[in-house]
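Since the structure comes first, as C-alpha cells, the remarks are kept for the end.
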Amino acid sequence: MDPLELNKDTEPTQDFSNATREELLAALKLLLSKDIEAIKDDVEQIKQVFYRKVKAELEENKRKFLEEGGEEIDFKPEKDELDEQLKEMLNEYKSRKSAYTAKLEAERENNLLQKQHILERMKVLVESNDDVSTHINEFRELQKKWKSIGQVPQANVSELWKLYSTYQESFWDLIKINNELREYDFRKNLEIKQQLCETAEKLADEDDVVSAFHQLQKLHEEWHETGPVAREFREEIWTRFKTASSVINKKHQGHFDSIRKLEDDNLALKQALCEKLEALDISGLNSYKAWDDATKTVIAWQEEWRTIGFAPRKMNHKIFDRYRAACDKFFNAKGEFYKSSKNVLNDNLERKRQLCEQAEALKENTDWKATSDKLIQLQKEWKTVGPVAKKYSDELWKRFIGACDYFFEQKQKNTSDARSVELENLAKKKEIIAAIQALDTVEDKQPADILIQLREYIAAFNEIGHVPFKEKDKVYKEYRTHVDKMFEKLNVDATQRRLDNFRSNLKDMSTKGENKLLREREKLVRAYEHLKSEIATYENNIGFLTVNSKKGSGLIREMERKIEALKEEANLIEQKISLIEDSF
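When you read off a place in the sequence shown, starting at 1, and then add 86, the result is the number in this note's numbering.
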C-alpha cells in the first residue's frame with residue numbers, strides 16, 4: 087500500500103495491516119496535516135499495527151539469535167530509529183488533540199451561556215400576561231438562533247433540551263394559533279423526524295463506530311431542535327428513532343470495551359517499568375560517573391513511561407504513585423550522595439580563610455615592592471583553591487580583595503602625582519570624542535570604513551592615560567554615549583559591543599598594574615564558575631521534571647531557555663578572560 091494515496095479528506099478508517107513500518111510513518115505524517123478530530127482511529131490503528139510489527143520483528147530477530155547459538159539472556163534489541171520517529175509524531179498528535187479539546191470546551195461553554203439567555207427570554211414570553219400571539223416572530227427568531235448555536239457541555243444537554251422543549255410546547259399551546267397552521271407544523275416536523283429516523287437506521291452499516299456515534303449525537307440535536315408532531319404519532323416516531331439509536335450505542339460500547347483492554351495492557355507495561363525502577367541497586371553507586379550512568383538509565387525508563395497510554399481509571403493514580411515513589415527514591419539517594427561530597431568544600435573554605443588572614447596581615451606594610459610581590463603570590467594561590475559553599479563565597483572574596491585593594495590604593499597614593507598630565511589627557515580625550523561625534527554626519531564613506539575609523543578612535547582613546555578624577559566619569563559617559571550611538575547606526579550586535587567596551591576598560595586596568603588585571607580575571611573566573619554551576623544545577627533538575635504532564639513540559643522548556651541564556655553569558659565571559667590573558 088502507498089501511504090501517500092491516503093484520502094485527502096480522511097473519510098473512513100483505512101486498513102494499514104499490510105503496510106511496512108516506513109509506510110505507516112509516512113501515512114501518519116500525512117494524517118497529521120489534517121483536522122485532528124478526523125484522524126483519531128487512523129492514528130490508533132497505525133500505532134497498533136506498528137507495534138505489532140515491532141514485536142514480530144523482535145521475536146524473529148531473537149529466534150535467529152537463538153538458532154545461531156546465542157543465549158536468551160544475551161539477546162539485546164537494537165535501537166529502533168523508526169520507533170523514535172513514531173513517538174515524536176504521536177507526541178505531536180497528543181499536543182494538537184489537547185489544544186483542540188480545550189478550544190472545543192471553551193466554545194461549548196460559550197454556547198451554553200447563549201442558550202441559557204435564549205431560555206430566559208423564552209420563559210419571559212411564556213409567562214407574559216400580554217397577548218402571546220404578538221410574540222410569534224420573536225419566538226421564531228429565538229428558535230432560529232437556538233438552532234444556529236453549536237454544542238454545549240454534555241452535563242448540561244439534558245436539562246437544556248428539557249427546558250427548551252417545555253417552553254417551546256408551552257408557547258405554541260398558549261398562542262392557540264389556528265388548527266390549520268398547527269397541523270401544518272406537525273406535518274413538517276413529522277417529515278423531518280421520519281428523515282432523521284432513516285438516517286439513524288443507515289448509521290448501523292457505518293464501519294467507523296466512533297464517527298457513527300458522533301453523527302448520531304448530531305441527529306439527536308436535530309431531533310430536539312425539531313418541533314412536536316401530532317399526538318397520535320409521537321410515541322411511534324420516538325420509538326423508531328430510539329430503536330435505531332440503541333443499535334449505534336451498543337456498537338459504540340463494544341468499541342470502548344476494546345479500549346479498556348488496551349488500558350489493561352498499558353497497566354502491565356507500567357507495572358513492568360515500576361519493577362525495573364524498584365529493582366535498581368543503588369548501593370554500589372559510589373562515584374559521580376556511576377550516578378550519572380544510572381541517571382541516564384532511569385531517564386530512559388521515564389521516556390518509555392511517557393510513550394505508554396493511560397491505564398484503567400481506577401488504577402491510573404495508583405500506578406503513577408508507585409512509579410513516582412520509585413523515581414523519588416532514586417533521586418533522593420542521588421541528592422544525599424552529592425550532599426556527602428561537601429567535605430571538599432569545607433577544606434577549600436579553610437584554605438581561603440587562611441589566605442584572607444595573610445592578606446590582612448600585609449595590607450599596612452609600606453615596603454611596596456616586596457609586599458606587592460607577596461600579595462600577587464597570594465592571589466595566584468587563591469586561584470588554585472577550588473570553590474566553597476555559595477553562602478561563604480562572596481563574603482570571603484570581598485574580605486580577601488578588600489585587603490589587597492587597600493594596600494594597592496595606599497601604594498598608588500604614594501607613587502603618583504601627575505595633575506598636569508591628567509589635564510592634557512582630558513583635552514586629548516575630548517578631541518577624540520568630538521571626532522567620533524563627527525563620524526555621525528559622514529556621508530561619503532562606506533559603513534565598513536566608518537567602523538574601521540571608529541575602532542581607531544577607540545584605540546586612541548584607550549591609549550591616553552588618566553584624567554582628573556572628578557572629570558573621569560563625565561568624560562567616559564560622553565565618550566560611551568557617542569560610541570554606542572555609532573555602534574547602533576553601524577548595526578554592531580550587543581555581544582560585540584560588550585566586548586569592545588571591555589577592551590576599552592582593559593587599557594585603563596593595565597595602567598594600574600598587573601594586580602588590577604589579575605583581580606579582574608579572578609572576578610570573571612568566579613562569575614564563570616558560578617554560571618557553570620547554575621547551568622549544571624538546571625540540567626540536573628531537568629531529570630526531576632520528566633513526568634508526562636503539561637506542567638512538567640512547561641517547566642522543562644523554561645529551564646532550557648534559561649540554560650541557553652546562561653551558556654551565552656558564560657561564552658562572553660570566556661572571551662573576556664582570553665582578552666585579559668592575551669594582555670599579560
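Even for Gly, the Cβ is constructed at its ideal location relative to N, Cα and C.
In this text the structure is predicted, and so the values were computed from the model without any measurement.
Discussion item. Using only the alpha-carbon positions, how far apart do Ile642 and Ile649 sit?
Written reply: Position 556 of the sequence shown holds residue 642. Position 563 of the sequence shown holds residue 649. Computed Cα separation, rounded: 10 Å.
Worksheet item: Given that a residue counts as buried once 16 or more other Cβ atoms are within 10 Å of its Cβ, and exposed if not, what is Ile345?
Response: What you label residue 345 is simply residue 259 of the sequence shown in a count that begins at 1. By the beta-carbon neighbour count (other beta carbons within 10 angstroms, threshold 16), Ile345 is exposed.
Fill in: Endpoints, alpha helix (DSSP H) assigned at Lys209
Residue 209 sits at position 123 when you count from the first residue of the sequence shown. Counting along the chain, Lys209 sits inside the alpha helix (DSSP H) bounded by residues Glu167 to Glu213.
Worksheet entry | 8 Å contact criterion, which Asn434 and Gly488 should meet: CB distance rounded | What you label residue 434 is simply residue 348 of the sequence shown in a count that begins at 1. What you label residue 488 is simply residue 402 of the sequence shown in a count that begins at 1. No, Asn434 and Gly488 are not in contact; Cβ-Cβ is about 19 Å, not under 8 Å.
Practice prompt. Measure the Cβ-Cβ separation of Leu111 and Phe102 and say whether it is below 8 Å.
Written response: Numbered from its first residue, the sequence shown carries residue 111 at position 25. Numbered from its first residue, the sequence shown carries residue 102 at position 16. It is not a contact, given that the beta carbons lie outside the stated cut-off.
Discussion item. With a threshold of 7 Å (Cβ to nearest heavy atom), would Glu422 be considered close to the ligand HEM?
Written reply: With respect to small molecules bound, the structure shown includes none, and the ligand HEM cannot be examined in it.
Discussion item. 8 Å is my cut-off, CB to CB: does Asn335 come that close to chain D?
Written reply: No chain D is present in this structure, which holds just one protein chain.
Worksheet item: CA-CA distance, Ser251 and Pro314?
Response: Along the sequence shown, one-based indexing puts residue 251 at 165. Along the sequence shown, one-based indexing puts residue 314 at 228. Taken atom to atom, the span from the alpha-carbon of Ser251 to that of Pro314 is near 9 Å.
Worksheet item: Anyone know if the C-beta pair for Met401 and Leu363 falls short of 8 Å?
Response: To locate residue 401, count along the sequence shown from 1; it is residue 315. To locate residue 363, count along the sequence shown from 1; it is residue 277. Remark: C-beta atoms of Met401 and Leu363 do not approach each other more closely than 8 Å.
Practice prompt. Indicate whether Lys180 and Val296 have their beta-carbon atoms separated by less than 8 Å.
Written response: Against the sequence shown, residue 180 aligns to sequence position 94. Against the sequence shown, residue 296 aligns to sequence position 210. Contact: no.
Discussion item. Excluding the 5 residues flanking Asp88 on each side, which residues of the same chain have their C-beta closer than 6 Å to its C-beta?
Written reply: By 1-based counting over the sequence shown, the position of residue 88 is 2. Because the pLDDT of Asp88 is 40, which lies under 50, any placement of that residue in the model is unreliable, and the number read from its coordinates should be weighed accordingly. Answer for Asp88: no residue qualifies.
Worksheet item: Going by C-alpha distance, which of Asp414, Arg485, Glu436 and Gln496 is nearest Thr452?
Response: Residue numbering aside, residue 452 sits at position 366 when the sequence shown is read from its first letter. It is Gln496.
Worksheet item: Which residue from His616, Leu652 and Lys609 puts its Cα closest to that of Lys662?
Response: The sequence position of residue 662 within the sequence shown is 576, counting from 1. When only C-alpha atoms are compared, the closest one is Lys609.
Worksheet item: Any idea what DSSP makes of Lys556, helix, strand or coil?
Response: The residue you call residue 556 lines up with position 470 of the sequence shown. In the structure shown, Lys556 sits in a helix (DSSP, three-state: H, G or I).
Worksheet item: Unbroken alpha helix (DSSP H) runs of length 4 or more, entirely within the stretch 425 to 460: which are they?
Response: Fully enclosed alpha helix (DSSP H) runs of 4 or longer: 429 to 448.
Worksheet entry | Ranges of the alpha helix (DSSP H) found wholly within the stretch 282 to 353, counting only runs of at least 4 | Scanning the stretch 282 to 353 from its first residue to its last, the whole alpha helix (DSSP H) runs of 4-plus residues come out as 295 to 311.
Discussion item. Quick check on DSSP: helix, strand or coil for Gln661?
Written reply: Within the sequence shown, the letter at position 575 stands for residue 661. Helix, per DSSP.
Discussion item. So within the stretch 360 to 409, which uninterrupted alpha helix (DSSP H) runs reach at least 4 residues, ignoring any that extend past its ends?
Written reply: Counting whole runs of 4 or more residues, the stretch 360 to 409 contains the alpha helix (DSSP H) stretches 374 to 393.
Worksheet item: Cβ of Leu152 within 8 Å of Cβ of Glu146?
Response: Position 66 of the sequence shown, counted from the start, is the residue given in the question as residue 152. Position 60 of the sequence shown, counted from the start, is the residue given in the question as residue 146. No. Outside cutoff.
Worksheet item: Alpha carbon to alpha carbon, what distance is there between Ala475 and Leu464?
Response: In the sequence shown, counting from the first residue as 1, residue 464 sits at position 378. In the sequence shown, counting from the first residue as 1, residue 475 sits at position 389. Leu464 and Ala475 have their C-alpha atoms roughly 21 Å apart.
Fill in: Lys515 burial status per 10 Å Cβ neighbour count (16 or more: buried)
As a first step, residue 515 must be located in the sequence shown, where it is residue number 429. So Lys515 ends up on the buried side.
Worksheet item: Are three or more beta carbon pairs between the stretch 198 to 209 and the stretch 162 to 174 nearer than 8 Å?
Response: No, because fewer than three Cβ pairs between the stretch 198 to 209 and the stretch 162 to 174 fall closer than 8 Å, the two stretches do not touch.
Worksheet entry | Extent of the continuous alpha helix (DSSP H) to which Asn577 belongs | Within the sequence shown, numbered from 1, the residue matching residue 577 stands at position 491. First-last for Asn577: undefined, no H or E at that position.
Practice prompt. Note down the Cα distance separating Asp293 from Leu348, rounded to an integer number of angstroms.
Written response: On the sequence shown, residue 293 is found 207 positions in, with the first residue counted as 1. On the sequence shown, residue 348 is found 262 positions in, with the first residue counted as 1. Between Asp293 and Leu348, the C-alpha separation is close to 20 Å.
Discussion item. Can you tell me whether Ala475 is helix, strand or coil according to DSSP?
Written reply: Here residue 475 refers to the residue found at position 389 of the sequence shown. In the structure shown, Ala475 sits in coil (DSSP, three-state: anything other than H, G, I, E or B).
Discussion item. Would Glu510 and His552 qualify as a contact pair, given that the criterion is a beta-carbon distance under 8 Å?
Written reply: Here residue 510 corresponds to residue number 424 of the sequence shown, with the count starting at 1. Here residue 552 corresponds to residue number 466 of the sequence shown, with the count starting at 1. Contact flag unset, no.
Practice prompt. Identify whether Gly488 lies in helix, strand or coil by the three-state DSSP scheme.
Written response: Translated into positions along the sequence shown, residue 488 becomes position 402. Gly488 falls in the helix class under three-state DSSP.
Item to complete: Could you give the DSSP three-state label for Phe494: helix, strand or coil?
Response: As a first step, residue 494 must be located in the sequence shown, where it is residue number 408. Three-state DSSP puts Phe494 in a helix.
Item to complete: Since I believe Tyr186 is in contact with Ile235 (beta carbons under 8 Å), could you give me their beta-carbon distance rounded to a whole number of angstroms?
Response: By one-based count along the sequence shown, residue 235 stands at place 149. By one-based count along the sequence shown, residue 186 stands at place 100. Not confirmed; about 20 Å, so no contact.
Worksheet item: By how many angstroms is the C-alpha of Glu108 removed from the C-alpha of Lys133?
Response: As a working note, residue 133 is residue 47 in the sequence shown. As a working note, residue 108 is residue 22 in the sequence shown. A straight line joining the alpha-carbon of Lys133 with that of Glu108 spans about 12 Å.
Fill in: Residue burial classification, Glu248 (beta-carbon count within 10 angstroms, cutoff 16)
Taking the first residue of the sequence shown as 1, we reach residue 248 at position 162. Note that residue 248 corresponds to Lys in the displayed sequence, not to Glu. Exposed is the call here.
Worksheet entry | Collapsed DSSP secondary structure at Lys162 in the structure displayed | As a first step, residue 162 must be located in the sequence shown, where it is residue number 76. Coil at Lys162, not helix or strand.
Fill in: Option nearest Asp407 by Cα separation, candidates Asn429, Arg437, Asp379 and Lys356
The count along the sequence shown starts at 1 and reaches residue 407 at position 321. Of Asn429, Arg437, Asp379 and Lys356, the smallest CA-CA separation from Asp407 is found for Lys356.
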